[in-house]
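S.K.: In this note's numbering, the protein residues as written are 2 to 193. Note that the Cβ used here is the ideal one computed from N, Cα and C, for glycine as well. From a predicted model like this one, the values you see are computed outputs, not experimental measurements. Can you keep this structure in mind? I'll have questions shortly.
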Amino acid sequence: MGELVQFVTPLHQATSRSYIDRMVDDKVHCMLKAKEYESDYWDGHRRYGYGGYKYMAGWWKPVAEALIEKYNLTNVSSVLDVGCGKAFLLYELKLLLPELRVEGFDISQHGLASAKEEIRDSLFSHRAQQPYPYDDNAFDLVISLGCFHNLRIFELETALAEVERVGRQGYVMLESYRTELEQFNLQCWALT
Numbered sequence: 002m003g004e005l006v007q008f009v010t011p012l013h014q015a016t017s018r019s020y021i022d023r024m025v026d027d028k029v030h031c032m033l034k035a036k037e038y039e040s041d042y043w044d045g046h047r048r049y050g051y052g053g054y055k056y057m058a059g060w061w062k063p064v065a066e067a068l069i070e071k072y073n074l075t076n077v078s079s080v081l082d083v084g085c086g087k088a089f090l091l092y093e094l095k096l097l098l099p100e101l102r103v104e105g106f107d108i109s110q111h112g113l114a115s116a117k118e119e120i121r122d123s124l125f126s127h128r129a130q131q132p133y134p135y136d137d138n139a140f141d142l143v144i145s146l147g148c149f150h151n152l153r154i155f156e157l158e159t160a161l162a163e164v165e166r167v168g169r170q171g172y173v174m175l176e177s178y179r180t181e182l183e184q185f186n187l188q189c190w191a192l193t
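In structure tokens, the structure reads:
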């Protein structure tokens, strides 16, 4: 089993959220639209997801730096991002380590098409719960941020096994809670 590391928590805490407003805004309809993972989810109204997920220079830099330090990444390393979305974290990693080999996949055509042009050729459409098209230990690090909670329990076995198979190291970020209030907030806010 892994260890608890909170690389993304500071980014999450930097954004305010109105949990109750989301819960009472025809949430089931909004959830169904969000689960399409296309333009409404990424760049549509906030009720369906991000409400405009744009690249902000340096936003992901602290996470990229933490990954580089924790997993001893260098310019000769390789990273796969499972459920990369618009791949802004991969882009930040490339800014810090220009020779780093990055690849990523996601089910969202809109997300992949909206990635930074400099890394778009390293991205492709694939489902996290399907076998990954790579050899064993193909990557120094496999990451997945906020993707696996969208899988069904029986799909997680394959996805987690594939992360372990193709990566020498892995970092999987999951949403979680420690108190009833945190659980309530998560249930109110989560759309997918």
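According to DSSP, which residues form a beta bridge with R153?
M.R.: Bridge partners of R153: none, in fact.
S.K.: Taking the continuous alpha helix (DSSP H) assigned at M24, which residues delimit it?
M.R.: Y20 to M24 is the span of the alpha helix (DSSP H), which, as asked, contains M24.
S.K.: Please state whether DSSP places D136 in a helix, a strand or coil.
M.R.: Three-state result, D136: coil.
S.K.: For a minimum of 4 consecutive residues, which ranges assigned as the alpha helix (DSSP H) are wholly contained in the segment 89-138?
M.R.: Listed in chain order, the complete alpha helix (DSSP H) runs (minimum 4 residues) inside the segment 89-138 are 89-97, 110-114 and 118-121.
S.K.: Tell me the DSSP secondary structure of L81 in three-state form.
M.R.: Correct three-state label for L81: strand.
S.K.: Among all the DSSP beta bridges, which residues are the ones paired with S145?
M.R.: According to DSSP, S145 bridges with V173.
S.K.: For V167, which residues in the same chain have their Cβ closer than 8 Å to its Cβ, ignoring the five residues on either side in sequence?
M.R.: Same-chain partners within the cutoff: L81, Y133, Y135, D136, D137, N138, A139, F140 and V143.
S.K.: If you drop the 5 nearest sequence neighbours on each side, which residues of the same chain put their C-beta closer than 8 Å to that of R169?
M.R.: Here the set comprises N138, F140, D141 and L142.
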